[in-house]
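Undergrad:
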Amino acid sequence: MSDDTTIREVDGSRAADVLTVVHEAFADRPPLDPPATALQETVETVREALDAHGGLLVEHDGEPVGALLLEPRGRLLGLRRVGVLSSVRGLGVAAQMASRAREIAQDRGFTGLELEARVELPGTISFWRNLGYVEADRNGNRLTMLRMLPITQTLATAEETREFGEHLAERLGPGDLVILTGDLGAGKTTLTKGIGIGLGVRGDITSPTFVIARVHPSLSDGPPLVHVDAYRLGDTAELDDLDLDTDIDEAVTVVEWGEGLAEALSGDRLELSLKQAPDEQRTLTLTPVGPRWREFDLGSIGLVTSG
Ligand SMILES: Nc1ncnc2c1ncn2[C@@H]1O[C@H](COP(=O)(O)OP(=O)(O)OP(=O)(O)O)[C@@H](O)[C@H]1O
Ligand SMILES: [Mg+2]
């Protein structure tokens, strides 16, 4: 954005400017049925919303051109009335608001962000999709789009990585998919071992490099662990056709090297990326994707704390 564009968080004192943007932006859209309720907002309703939870206002050359309202929804931060004037389209105003909203969510301890988008506006939907939002729910013509925030954790030793997997396993159930990314030796199999211990499954979990996939049945009545190494797999079709002797809807599936391949298996997944430091330390980034993880809170997992 150019230097004469500012973005700031505002309260009810800027209700008139926010309302101007919202009305103008929403009136500018193709007619929708039912119409967007944004057009019914008044200075009073906007002021009340802004005083309660705040919002964002973008100004360009001193004129209000973009706005949104913030609304806490449990652990998620909701974005409402996201509006950008057509006169500034292409300047990245919406992207700037999205990224500021994400910072606010992170700073205030929300676990993710959520918004509603109309199915009649595919451009809007693909805008949010490109920012990592996924469809979480659908109510008539209204899509709920959700983006969970990534969580970062330092894992000082292989033991801590295993322990992390063990704690993570407490949160995993039938049908869950975990995608592990990271260089050779980053610790993907080590983490999977921990998941196997946590799930209480049979068999030693080793790198399945020469078999592509291995099924570890539960020692009790829990879900089996399907451990896949997608390193040499060509495409998702192959992953679908593994012909496992197990229904992956009934299993916890962990895919090493699954990035770009395993996503198609499920709209809900945990994306884990391991980065190797020069020493033993690893940095784990965990990104929950999809409505399954809406209530996911890593803070409650009871992680190792020495990292
Ligand atoms: N903090 C750590 N977390 C995980 N592994 C660690 C850590 N520190 C050292 N290690 C060592 O690094 C190695 C990780 O090997 P592992 O097989 O888990 O990696 P991988 O990512 O599965 O590799 P590949 O790409 O070959 O499948 C192990 O020997 C482990 O003991
Ligand atoms: Mg491995």
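The working numbering applies: residue -7 is where the sequence shown begins, and numbers increase by one.
Glycine included, each C-beta is placed from N, C-alpha and C at the ideal position.
1) With respect to 7 Å, is the separation between the Cβ of residue 199 and the closest non-hydrogen atom of ligand 1 below this value?
2) Under a three-way DSSP split, which group does residue 240 fall into?
3) Would you mind working out which of 175, 54, 214 sits nearest residue 191, comparing C-alpha positions?
4) Alpha carbon to alpha carbon, how far is residue 207 from residue 248?
5) How many Å lie between residue 187 and residue 181 at the Cα?
6) Do residue 64 and residue 58 have their CB atoms nearer than 8 Å?
7) Do you know offhand how far residue 259's Cα is from residue 121's?
8) Looking at residue 278: is its Cβ nearer than 8 Å to the Cβ of residue 189?
9) Could you check if residue 174 belongs to the surroundings of ligand 1, using beta carbon to heavy atom distance under 7 Å?
10) In terms of residue numbering, what span does the alpha helix (DSSP H) encompassing residue 64 cover?
11) By Cβ distance below 7 Å, which residues in the same chain neighbour residue 76 in space, the five residues on each side in sequence not counted?
12) Please work out which residues of its chain come closer than 6 Å, Cβ to Cβ, to residue 266, disregarding the five sequence neighbours upstream and downstream, and give them in chain order.
13) Would you decide whether residue 158 is buried or exposed? Buried here means 16 or more other CB atoms lie within 10 Å of its CB.
14) Between the Cα of residue 269 and those of 125, 46, 150, spot the shortest distance and give me the residue it belongs to.
15) State the DSSP-derived secondary structure class of residue 7, mapped to helix, strand or coil.
16) So, residue 254 versus residue 205, is the Cβ gap smaller than 8 Å?
17) The alpha helix (DSSP H) that contains residue 91, what's its start and end?
18) How many Å lie between residue 298 and residue 155 at the Cα?
19) Is residue 185 near ligand 2 - that is, is its Cβ less than 7 Å away from at least one heavy atom of it?
20) According to DSSP, residue 268 sits in a beta bridge with which residue or residues?
21) What residues in its chain sit with their C-beta under 6 Å from that of residue 4, if we drop five residues either side in the sequence?
22) Can you tell me where the alpha helix (DSSP H) with residue 152 in it begins and where it stops?
23) Please classify residue 6: is it buried, with 16 or more other beta-carbons within 10 angstroms of its beta-carbon, or exposed?
TA: On the basis of the coordinates in this document:
1) For the purposes of this step, residue 199 is taken as residue 207 along the sequence shown, with counting starting at 1. Result yes, Cβ under 7 Å from ligand 1.
2) Position 248 of the sequence shown holds residue 240. DSSP places residue 240 in coil when its eight states are reduced to three.
3) Numbered from its first residue, the sequence shown carries residue 191 at position 199. Taking only the C-alpha atoms, the option nearest residue 191 is 214.
4) Here residue 207 corresponds to residue number 215 of the sequence shown, with the count starting at 1. Here residue 248 corresponds to residue number 256 of the sequence shown, with the count starting at 1. Computed Cα separation, rounded: 14 Å.
5) As a first step, residue 187 must be located in the sequence shown, where it is residue number 195. As a first step, residue 181 must be located in the sequence shown, where it is residue number 189. Cα-Cα distance, rounded: 10 Å.
6) Taking the sequence shown and counting its residues from 1, the one referred to as residue 64 is at position 72. Taking the sequence shown and counting its residues from 1, the one referred to as residue 58 is at position 66. Not closer than 8 Å, so no.
7) Position 267 of the sequence shown, counted from the first residue, corresponds to residue 259. Position 129 of the sequence shown, counted from the first residue, corresponds to residue 121. Straight-line Cα distance between these residues: approximately 13 Å.
8) Your numbering for residue 278 matches position 286 in the sequence shown. Your numbering for residue 189 matches position 197 in the sequence shown. No, the pair does not count as a contact, with Cβ atoms beyond the cut-off.
9) Counting from 1 along the sequence shown, the entry for residue 174 is found at position 182. Yes, ligand 1 has a heavy atom inside 7 Å of this Cβ.
10) Against the sequence shown, residue 64 aligns to sequence position 72. Careful: residue 64 lies outside any alpha helix (DSSP H), inside the beta strand (DSSP E) at 55 to 65.
11) To locate residue 76, count along the sequence shown from 1; it is residue 84. Hits under 7 Å: 17, 57, 58, 85, 86.
12) Numbered from its first residue, the sequence shown carries residue 266 at position 274. 174, 178, 179, 274, 276, listed in sequence order.
13) Residue mapping note: residue 158 aligns to position 166 of the sequence shown, counting from 1. Under this definition residue 158 is a buried residue.
14) One-based indexing of the sequence shown puts residue 269 at position 277. Checking every option, the nearest Cα to that of residue 269 belongs to 150.
15) Looking up residue 7 in the sequence shown gives position 15. Of the three classes helix, strand and coil, the one that applies to residue 7 here is helix, per DSSP.
16) Walking along the sequence shown from the start, residue 254 turns up at place 262. Walking along the sequence shown from the start, residue 205 turns up at place 213. No.
17) By 1-based counting over the sequence shown, the position of residue 91 is 99. Segment 85 to 99, the alpha helix (DSSP H) holding residue 91.
18) Your numbering for residue 298 matches position 306 in the sequence shown. Your numbering for residue 155 matches position 163 in the sequence shown. In this predicted model, residue 298 has a pLDDT of only 43, less than 50, meaning its place in the structure is not dependable; the value taken from the coordinates is given anyway. If I take the Cα positions, the gap works out to 12 Å.
19) Numbered from its first residue, the sequence shown carries residue 185 at position 193. No.
20) As a position in the sequence shown, residue 268 is number 276, starting the count at 1. DSSP lists 274 as partners of residue 268.
21) Residue 4 sits at position 12 when you count from the first residue of the sequence shown. Here the set comprises 39, 42, 43.
22) Taking the first residue of the sequence shown as position 1, residue 152 is located at position 160. Looking at the DSSP string, the run of the alpha helix (DSSP H) that includes residue 152 is 150 to 161.
23) Counted from its first residue, the sequence shown places residue 6 at position 14. Answer is buried; the Cβ neighbour count reaches 16.
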